[in-house]
Amino acid sequence: MSTLKTSNIQDTSGNNNSTPDEIGKGRAKAWINLNGDDTPTARESYNISSITDNATGNYTFNFTNAMSTANFAWAVSIGDQNHSSSVRQLSYLSSTTTSLQLLSETSAGSNIDEAYVCVVVFGD
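This is the structure in structure tokens:
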């Protein structure tokens with residue numbers, strides 16, 4: 007396999023300049039669209055090797071390729087297919103270079119499995 011080394015990448019019009027460092031730090035390092043009901047199942051994913059179902063609403067996302075540190079950034083979206091008006095939150099529990107653990111709860115503090123859990127991870 008060949009290696010291409012460059013200091014800048016542009017579109018064909020010479021616009022939208024990016025450095026390899028910007029691309030490396032700015033693109034998603036892992037993501038998943040998860041059906042969290044019953045047995046968690048990935049609808050689609052990238053760099054997620056497996057999901058651990060720790061308990062109701064408690065998910066660990068295991069990375070195929072490790073992050074360089076556990077201090078990566080992540081963003082989430084959760085919900086059910088019934089467009090419920092009840093407030094839910096996804097809370098951070100822990101992270102390592104190889105995983106991220108999150109907990110889905112209702113506003114009353116009860117753990118809940120979600121039909122839709124989407125997570126995106128950024129970092130080195």
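To get this note's numbering, take the position in the sequence shown, counting from 1, and add 6. A virtual CB, placed ideally from N, CA and C, is assigned to each residue, including glycine.
Rounded straight-line distance, which links the Cα of residue j to that of residue i
i: I54; j: S116; result: 27 Å
i: T25; j: N14; result: 5 Å
i: S12; j: M73; result: Correcting the residue type first, residue 12 is Thr in the shown sequence and not Ser. If you take the alpha carbons of T12 and M73, they lie about 23 Å apart.
i: G42; j: G20; result: 43 Å
i: I118; j: S110; result: 6 Å
i: Q107; j: E28; result: 27 Å
i: T18; j: G30; result: 20 Å
i: T103; j: N71; result: 9 Å
Beta-carbon gap between residue i and residue j smaller than 8 Å
i: N68; j: S51; result: no
i: T62; j: S105; result: no
Closest Cα partner of residue i within the set the options
i: G32; options: S97, V93, A79 and I38; result: A79
i: L40; options: D59, T102, R94 and T75; result: D59
i: A76; options: S100, Q95, I29 and R49; result: S100
i: D44; options: M7, Q95 and N64; result: N64
i: D130; options: K35, Y98, N22 and T102; result: K35
Assumed close pair residue i, residue j - CB separation to whole angstroms, cut-off 8 Å
i: V127; j: W37; result: 7 Å
- Message: Can you confirm whether the segment 116-129 touches the segment 73-84 when touching is taken to mean that 3 or more C-beta pairs between the two stretches lie within less than 8 Å?
- Response: As far as the Cβ criterion goes, the segment 73-84 touches the segment 116-129, which means the pair count is three or higher.
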